[in-house]
Structure formats: structure tokens, C-alpha cells
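**Q** Sharing a structure here in C-alpha cells format.
In our numbering, the protein residues as written are 39 to 346.
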């Protein structure tokens with residue numbers, strides 16, 4: 039009965055339009071694992087050029103330049119990284135061997151999904167700290183140190199939330215960057231297309247200058263954007279009301295049971311140390327025995343106050 043009572047209140051709240059679905063949906067990101075290398079230049083295990091679905095992000099004007107190569111890499115689990123790609127066979131690379139410290143650059147993508155109200159967005163990206171190693175043709179790349187990274191979630195070109203190099207990533211490994219953002223009923227960018235940006239901060243490591251700096255590269259893979267509706271405040275209020283009602287109902291039921299519960303006196307108490315005193319009204323309420331009925335029929339007079 040209690041469960042039905044609670045369920046009824048919740049159903050009423052939902053019928054009033056206050057309950058919303060909170061299941062997370064995966065937004066389509068084109069070439070999220072950088073597997074499609076159509077149109078790129080192949081060099082050993084590398085490809086150079088913009089991956090399908092992505093465009094260069096170049097706010098400081100350092101692209102195109104000799105020695106700077108956006109593209110992809112196919113890790114073999116031995117050279118450059120201790121494991122294979124987090125997703126598929128390839129990862130995105132942002133490689134720079136000539137213009138260290140001259141500005142940031144990266145890749146970005148505008149999505150077909152727009153920013154909606156009362157919605158939570160969670161962007162996750164695998165970020166890699168590549169190690170020094172030999173390419174399959176024997177060329178050595180000095181990739182010591184880490185130049186820093188940035189992951190942005192955008193709407194209409196405006197940054198909503200970002201991860202600005204918050205992770206400490208061991209060399210030759212990947213780590214997951216998470217960027218979260220939640221809208222309310224109103225936001226200046228509502229209805230604007232969402233976007234994703236991945237960036238090499240291109241910072242020269244401490245103790246180096248541009249002439250002595252190692253090659254600076256950041257790698258990315260498995261770009262995911264999950265979207266889920268946020269329950270409206272009214273729905274939470276109705277659920278709280280339903281729970282409070284259930285608690286009150288339970289307390290009342292417990293009190294009622296304590297009041298109505300008859301007192302059970304053991305045989306030892308009746309004939310032993312404590313004598314139970316029964317009032318006339320209680321005697322009248324007791325079920326009659328065969329002996330009592332027989333005795334009453336034969337008895338013509340009664341003591342005042344004793345007859346029921």
C-alpha cells in the first residue's frame with residue numbers, strides 16, 4: 039500500500055510535466071577516433087593534414103609552417119606509447135619541431151547539435167604524452183617533456199567550459215580529460231551549434247629555449263560528448279513531497295498500532311506475583327464463557343454494578 043501511495047504521487051508529478059528524462063545520449067562526433075585519414079599524406083605510421091571532420095585551429099597564425107604537422111599516428115604499443123590507441127588504431131597528433139613557444143594551435147569541429155536549456159554536457163577526450171622514439175623508417179624523434187594541452191567545449195564559437203592542462207600524464211601514456219557544463223532555463227548561447235576544440239599549448243619546457251627545446255607534441259583520441267536532460271526543480275519538489283508523505287503515513291500507522299495493540303498478560307502474571315485488576319467495563323467486554331452464561335441464568339439477583 040505504501041509503495042502504491044508513493045508511486046501515485048510520482049506519477050502525478052510526471053503527468054504535470056515536471057519529470058524529465060535523464061538518460062545520457064551520445065552526440066555524434068565525426069571521426070571521433072581519427073581513423074578516417076582520407077586526403078592526408080602518409081609517412082610511415084604517420085599521416086599529415088586535417089583529419090576528416092576536423093579543421094585546424096590557428097589563432098596565432100603559425101600554420102602552415104615547415105616542421106608543424108597536425109595529423110595522425112598509429113601506435114604499435116612499443117614505440118612512442120606503451121599501449122595501442124585508446125580507440126581504433128590511430129590517434130590525432132599535433133607535432134611541432136620548428137616554432138616552439140610561438141603560440142597555440144590545434145583542431146576543432148562544429149557539431150550538428152545545438153545548445154539546449156536544462157541540459158548537462160560531458161565532454162571526454164583521451165590526451166597522450168608521447169615519448170621519444172624511433173619511427174618505422176629509423177628516424178629518431180626527441181619528444182621529451184610535455185608542452186601542455188587544452189580541451190574546449192563551445193557553443194557558437196564561445197567557450198562554455200575547458201580543461202586547461204589540469205592532468206599530470208606520465209610519459210608514453212594517455213589520460214582522460216573531462217569537461218562538464220550545465221545550462222539552466224536561459225543562456226546567451228542557446229540554439230547555437232556546439233563545438234569541440236583540442237589544442238597543443240606549445241609551451242617550451244622549463245630549462246630550455248627555442249634553440250634547445252625538444253620537439254613538442256600532444257596526442258588525442260576517443261572524443262565523446264554525452265548529453266542528458268536535467269530534472270526540473272518541480273520534479274525534485276514533488277519527489278520530496280511524496281517521500282515526506284510516505285514517512286508521515288508510516289509514523290501514523292506505527293502510532294495507531296501501538297494504541298490498538300491489546301495487553302497480553304501471561305499465565306504466570308495472572309496467578310503469580312501480580313494480580314490483574316479488571317474494571318466492570320472490561321468484564322462486560324470480555325467474551326462470555328459457557329459457565330458464565332449458565333451461572334447467570336440460574337442467578338435471580340445481581341450485585342449492583344456487576345450486571346452488564
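Beta carbons are placed, not taken as given, at the ideal position from N, Cα and C, and that holds for glycine.
Could you give the first and the last residue of the continuous beta strand (DSSP E) run that contains residue 196?
**A** 196–202
**Q** Report all residues from its chain with a CB closer than 6 Å to the CB of residue 151; omit the five preceding and five following residues, and keep chain order.
**A** 65 and 232
**Q** Between which two residues does the beta strand (DSSP E) harbouring residue 232 extend?
**A** 231–238
**Q** Label residue 175 either buried or exposed according to how many other C-beta atoms from any shown protein chain fall within 10 Å of its C-beta, with 16 as the threshold for buried.
**A** Under a 10 Å Cβ-count criterion, residue 175 is classified as exposed, with fewer than 16 other Cβ atoms of the shown protein chains found around its own Cβ.
**Q** If the criterion is Cβ atoms closer than 9 Å, does the pair residue 259 and residue 125 meet it?
**A** yes
**Q** Any idea if residue 192 is buried or exposed, counting beta-carbon neighbours within 10 angstroms, 16 or more meaning buried?
**A** buried
**Q** Under 9 Å, do residue 200 and residue 217 count as touching if we go by C-beta distance?
**A** yes
**Q** Please name the residue in 162, 91 and 194 whose C-alpha comes closest to that of residue 225.
**A** 194
**Q** Counting C-beta neighbours from all protein chains within 10 Å, is the total for residue 198 16 or more, i.e. buried, or is it exposed?
**A** buried
**Q** Distance, Cα to Cα, residue 81 vs residue 158?
**A** 41 Å
**Q** Can you check DSSP and say which residues form a bridge with residue 158?
**A** 220 and 266
**Q** For the putative contact between residue 137 and residue 170, defined by C-beta atoms under 8 Å, what is the C-beta separation to the nearest angstrom?
**A** Not really, about 20 Å apart at Cβ, beyond 8 Å.
**Q** Count the other CB atoms within 10 Å of the CB of residue 255; is the residue buried (16 or more) or exposed (fewer)?
**A** buried
**Q** Is it buried or exposed for residue 238, if we count other Cβ within 10 angstroms and need 16 for buried?
**A** buried
**Q** Taking C-alpha atoms, which residue in 247, 222 and 245 lies nearest to residue 267?
**A** 222
**Q** Going by beta-carbon coordinates alone, are residue 196 and residue 227 separated by less than 9 Å?
**A** yes
**Q** Given this structure, state the Cα-to-Cα distance separating residue 51 from residue 160, to the nearest angstrom.
**A** Confidence at residue 51 is low in this model, with a pLDDT of 49, below 50, so the placement of that residue is unreliable and no value is reported for it.
**Q** For residue 333, count neighbouring Cβ atoms within 10 angstroms of its own Cβ and tell me buried if that reaches 16, exposed if not.
**A** Confidence is the limiting factor: at residue 333 the pLDDT is only 47, short of 50, which leaves the residue's position unreliable, though a coordinate-based value still follows. So residue 333 counts as exposed.
**Q** Checking 9 Å against the spacing of the C-beta atoms, do residue 105 and residue 69 come in under that value?
**A** no
**Q** Which of the three DSSP states, helix, strand or coil, is assigned to residue 65?
**A** coil
**Q** From the DSSP secondary-structure annotation, give me the bridge partner or partners of residue 164.
**A** 214 and 259
**Q** Out of 121, 84 and 234, which one is the CA nearest neighbour of residue 93?
**A** 234
**Q** So, for residue 141: in the same chain, excluding its five sequence neighbours on each side, which residues have a beta-carbon less than 6 Å away from its beta-carbon?
**A** Around residue 141: 98 and 100.
**Q** Using a Cβ-Cβ cut-off of 7 Å (strictly less than) and excluding sequence neighbours within five positions of residue 59, which residues of its own chain qualify?
**A** Confidence at residue 59 is low in this model, with a pLDDT of 49, below 50, so its placement is unreliable and the value that follows should be read with caution. Excluding residues within five positions, the ones whose Cβ falls inside 7 Å are 267.
**Q** With 16 as the cutoff for other CB atoms within 10 Å, does residue 115 come out buried or exposed?
**A** Exposed, because fewer than 16 other Cβ atoms sit within 10 Å of the Cβ of residue 115.
**Q** Would you report the Cα separation of residue 241 and residue 139, rounded to the nearest angstrom?
**A** 5 Å
**Q** Assuming contact is defined by CB atoms lying nearer than 9 Å, are residue 164 and residue 210 in contact in what I supplied?
**A** no
**Q** Going by DSSP in three states, residue 109 sits in which element: helix, strand or coil?
**A** strand
**Q** Identify, in the order they occur along the chain, each residue of the same chain with its Cβ nearer than 7 Å to the Cβ of residue 144, setting aside the five sequence neighbours on each side.
**A** Result list for residue 144: 95, 132, 235, 236, 237 and 238, in chain order.
**Q** Mind checking residue 202: buried by the 16 CB within 10 Å criterion, or exposed?
**A** That one is exposed.
**Q** For residue 246 and residue 186, what's the separation of their Cα atoms in angstroms?
**A** 15 Å
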